[in-house]
Structure formats: structure tokens, C-alpha cells
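Each remark here refers to the structure printed beneath this line.
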Amino acid sequence: MALTFTDANFEAEVLQTNKLNVVDFWAPWCGPCLALGPTIEALATEYEGKVNIGKVNTDENSDLSVKYGITSIPAILFIKNGQVVDKQIGAAAKSILDKKIQAHL
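Numbering (this note's numbering), first residue to last: 38 to 142.
Written out as C-alpha cells, the structure reads:
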């Protein structure tokens, strides 16, 4: 199951880990975000224990959205060792996200 990242836990859960983190910035009113949800859940199950995969609700966590310059959702950031190493703006097929994850493992 995908993790829930917030303004409060992002530092500890994402930035202070050595694992690759896949962070889906989304909102409940965003159609493409909702369509991407099952893909994020599938990746979270597939990579459990190897990659931290989670979601940030942009309506509830505006500080993170501002910090990372999120102006369009869905936006997926790939963060490793505290740095953004890749990103995907807009909904994408599971195979595309899987390829990006594999590239950074």
C-alpha cells in the first residue's frame, strides 16, 4: 500500500532515507490523479521494502507543493538521498514509471 507523505513527515520519511522514494503529488478532485492511483498502489506493492512509494495530497500539504514547484498534477518525483533525480508530469503507464524506478535503483 502506498504511504501517505505530509508536510509534517516528509523530512523523516523521504529526505532522510537512503532508499529511492517515488512521490505522487495528487488531489482528490483531479481526474488523471485518480486514474493513476491504482498504478501507484500496484508499484507500492511490487516494490515494497525496496522503494518508498507514497502520495502527497496537494490540497492538504501546500508547503511541499511550493517547495518542489508543483504547478501541474499528477506530478511524480523520484527522490534519492534527498535529491530529485527524475520526475514525471501527468499520468503515465505503469511500464514508464517502472522503467524510471529501475533506472535509479
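Every residue, glycine too, gets a C-beta built ideally from N, C-alpha and C.
Query	Result
Helix, strand or coil: how does DSSP classify A45 here?	coil
So, do the stretch 116-126 and the stretch 94-101 have three or more beta carbon pairs nearer to each other than 8 angstroms?	no
Kindly indicate which three-state DSSP category I110 falls into: helix, strand or coil?	coil
What is the DSSP secondary structure of L57, reduced to helix, strand or coil?	strand
Go to V103, then tell me how far its alpha helix (DSSP H) extends in each direction, as first and last residue.	S99 to K104
For K87, which of helix, strand or coil comes out of DSSP?	coil
Considering only residues of the same chain and omitting the five flanking positions on each side of C67, which have a CB-CB separation below 6 angstroms?	I110
Consult DSSP for D123 and reduce its assignment to one of helix, strand or coil.	strand
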